[in-house]
Every structure is written in structure tokens, then in C-alpha cells.
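Worksheet: the structure to be examined is printed underneath.
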Amino acid sequence: MASSLNLYVWAKISALVIPKLEIPKLSVLITPQFDQHDNATGLQMMLLIRGSDVEEEELLVEVSSLFGGFSFEDRPSAFDEEGILPVVMSSSKAGVSWNAGRKTLGDLMIPYSVSASSSDQFKSDSPIVRLHRDQGGLLGSGFAFMASPPPADAYQISVAWDLSRAPKKTREVWTYREGPWSIFQNGPASILRDSVYMVGQIHSNSPAPTDGGVSGYYGYYCYANSSRQHLHRLTAIGVSFATVGIRNALIWLGPSSMDLKVDWLYEGIRDCQSIYMPFGHSSHSGSYDQATINMLCIKYYTNPLTQRNSELPNIMTLATRMPTQENTSPPEPGHSLSELS
1 MASSLNLYVW
11 AKISALVIPK
21 LEIPKLSVLI
31 TPQFDQHDNA
41 TGLQMMLLIR
51 GSDVEEEELL
61 VEVSSLFGGF
71 SFEDRPSAFD
81 EEGILPVVMS
91 SSKAGVSWNA
101 GRKTLGDLMI
111 PYSVSASSSD
121 QFKSDSPIVR
131 LHRDQGGLLG
141 SGFAFMASPP
151 PADAYQISVA
161 WDLSRAPKKT
171 REVWTYREGP
181 WSIFQNGPAS
191 ILRDSVYMVG
201 QIHSNSPAPT
211 DGGVSGYYGY
221 YCYANSSRQH
231 LHRLTAIGVS
241 FATVGIRNAL
251 IWLGPSSMDL
261 KVDWLYEGIR
271 DCQSIYMPFG
281 HSSHSGSYDQ
291 ATINMLCIKY
301 YTNPLTQRNS
311 ELPNIMTLAT
321 RMPTQENTSP
331 PEPGHSLSEL
341 S
């Protein structure tokens, strides 16, 4: 659990660094919990809400039970400038609501703890919406553990991590950035649920994102055991995560809000990883892996190149000439995908 000093410093810093906007401020501090073997077991959460007064019996926060798997270690509690704020719980088919036992005064702080799911997500064909353990870390959708305040036109949202008691080399990633410092986003409170969180001994294709560089927008993050990776694709509009143990075992982020011009790449990554699986187990050679990926990238039905009708016949002809499983030699010079993009 984060120390009282850490929480106090975080709350004071949040008040200073959040821009002065005429909208409510919503800050989240996430503290991973570890056992004696340095395996992550759950999360200690702290929500700090500013500029949003709540009347008695009105909603403070709600927790979705649509997908289940939200496990509380403690009864909910809250604090404001008057001290302890009584919390009244009510349940419905949609979830659990935490209502104010009296009118709030000033800043509102809501601490709670969540435990990782005990089920094995990697043996299920259902969408991954819970907070799951994997290789000593935790990976999950915000639906699994994020309590959400009442809807508003917009919040000034920040997410920070407290790794002061985490094992060495622990890294953390949120949909909008990597790093323990506060990460800011403007938008509805649903941003916190409609995003993905990952913490643990994470490896990536670059040591850390670099502002202004390609690594600040594109990257792959995985745990140490490459036989079951978690992919994290940074883009200008967010981050996508996936697991390659099962092609369709993607973390569910709700209905797609991505532009169709981007969706083709997100869907294609799943196919790409299904090709890496046999290659990772040495079932096929590297040349087969390379040739098959190149072929799929060219033939993929939502590839933007298919919109260029004048070039489509040539592209499809080229795709049919790509090596098959029986012919695993690399593509001939001049037939590279880079020349077509």
C-alpha cells in the first residue's frame, strides 16, 4: 500500500501541475501490490476528484459488473475536507454504485484495493476484460478495476504510478503513455475504463519511448517469456494491446472508435502474430515467416492499397508470386513491400 506521505505528496503535486481549467479534475494513483516472491497480486487505487461537489445520496463513483471479476479487498471509503465521508452502496445489473452519505466539501479522495482475477484468461475464448496475472506482472482493461465518477462533459484526467515498493526494473504502461509520472488526457471519465494497463518486468523493442522519435509512437511491449507476448502498439490516438497465445484473445476496449484507415493495421497485427507463433516454436524457417507476412500485408482485404484501383491488379499478381510454404525462399529484389507503400 502506498504510504501516507506518498499520497500526500502526489495530491499536492497534482494540484500544482494540472492546468487551471474550468472543468473537474480527476487524478488516479495506481500502486501495484507484490508478494514475497515479487509477483504482482493486485492494485491499490486512489482517486482524487476536484471541482465536482456531490450532494447527499448522489453518485460518487460506480463500478461496472458487466464482465465480472471486480474483486474488492476492503469496503469502500472516501474522504473530503471534512474528514471521513460515509459511503452507501447500491447494486444493479449494470454494477455497484457508491453514493455519498452526506454532501461533500472540497477535494474528494477515494481509496480502494482490487485483486487480480483467479481465472486463466489465456485458456478462454472470451474477450479479456479482467485484471490478470502473467509472468509476475498484471495486464488488464480499465473495465476490470477502474471506478468511474458520474459522467461529465469533460475531465482533466491524469494517471500516475507509485513504484516505490515495486521490484527493480518494474515498468508500467497506460494506453496513452509509459512512465510513472503523471500522464494527462482531457475527456470523459470513461477514458479510464476504455484503456489498458500493464505493469511488471516489461521488455520492449526500445528501452523507452523518445519524444519526437518513432519510438514515441510505435512500439511493442512484452513480458520476459516471448512464448506468450503482450503487444502494445503506440499510435497518435492511443495504444492497442494483444496477446498472441490465442489469435482473437484481445483485450476488449469496447466498440471500435478508431478510424477505418487505422483498423486495417490493428486487425492485421493479429494475423501477423499468428504467423509468429509457429516460427517462435521453430515449426517454420525465418524465410517462410518473412514471405508469408509480406504476402498477407499485400493481399490483406483492408489494406489501403486496395483503394488504389489502378494498381490493384499488379499488386494481387505480385502477391500470388510470393513464396508459399513449399517454396520458402525470400522474395526477389524489387518485390519488397516498402516499394509499394
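In this text, residue positions in the sequence shown follow UniProt numbering: the first is 1, and each later residue adds one.
C-beta: ideal position from N, C-alpha, C; glycine also.
In the same chain as T104, and ignoring 5 residues on each side of it, the C-beta atoms closer than 7 Å to its own belong to D53, V54, D80 and L85, in chain order.
Straight-line measurement puts the Cα of T31 at about 11 Å from the Cα of T41. For S91, the enclosing beta strand (DSSP E) starts and ends at V87 to S91.
Between the stretch 174-184 and the stretch 87-97 there are fewer than three inter-stretch CB-CB distances shorter than 8 Å, so the stretches are not counted as touching.
Selection L48, T175 and A189 evaluated against P150 yields A189 as nearest (Cα-Cα). It is roughly 24 Å from the alpha-carbon of S287 to the alpha-carbon of Y221.
The alpha-carbon of M46 is positioned some 12 Å away from that of V61. For F145, the three-state secondary structure derived from DSSP is coil.
Taking C-beta separations shorter than 7 Å and ignoring five residues to either side along the sequence, the partners of K169 in its chain run Q201, following chain order. The residue among M109, F145 and R102 with its C-alpha nearest the C-alpha of S117 is F145. Looking at the DSSP output, Y155 bridges to G187. Listed in chain order, the non-local C-beta contacts of N99 below 8 Å within the same chain comprise E57, E58, L59, L60, V87, V88, M89 and S90, local neighbours out to five positions each way being set aside. Closest in C-alpha terms to D162, from the list A154, R171 and Y155, comes R171. The shortest C-alpha to C-alpha distance from N186 to any of Q135, S158, F34 and R165 is the one to S158. The Cβ neighbour count for H132, taken over all protein chains shown within 10 Å, is at least 16; the residue is labelled buried. R133: member of the beta strand (DSSP E) spanning L131 to D134, first to last residue. In this structure L26 touches Y155 by the C-beta definition: roughly 4 Å separates them, less than 8 Å.
S141 counts as buried, since at least 16 other C-beta atoms from the protein chains shown sit within 10 angstroms of its C-beta. A direct Cα-to-Cα measurement between P167 and D35 gives close to 10 Å.
Closest option to Y112, judged by alpha-carbon separation, among L138, A78, F143 and G106: A78.
Exposure of R102 is indicated by the presence of fewer than 16 other C-beta atoms within 10 angstroms of its C-beta.
Around the CB of E178, 16 or more other CB atoms lie within 10 Å, so the residue is classed as buried.
Boundaries of the beta strand (DSSP E) harbouring W174: R171 to W174, taken from the DSSP string. Contact between L29 and A160 holds: their C-beta atoms lie close to 5 Å from each other, under 8 Å. Around S195, the same chain offers G142 and T175 as residues with beta carbons nearer than 6 Å, after the five sequence neighbours per side are excluded. Annotation for W98: the continuous beta strand (DSSP E) segment containing it runs G95 to A100. Sequence-distant Cβ neighbours of E82 in its own chain, meaning closer than 7 Å and more than five residues away, are L105.
In the displayed model, A291 falls within a helix according to three-state DSSP. By the C-beta density criterion, D134 is buried, having at least 16 other C-beta atoms within 10 angstroms.
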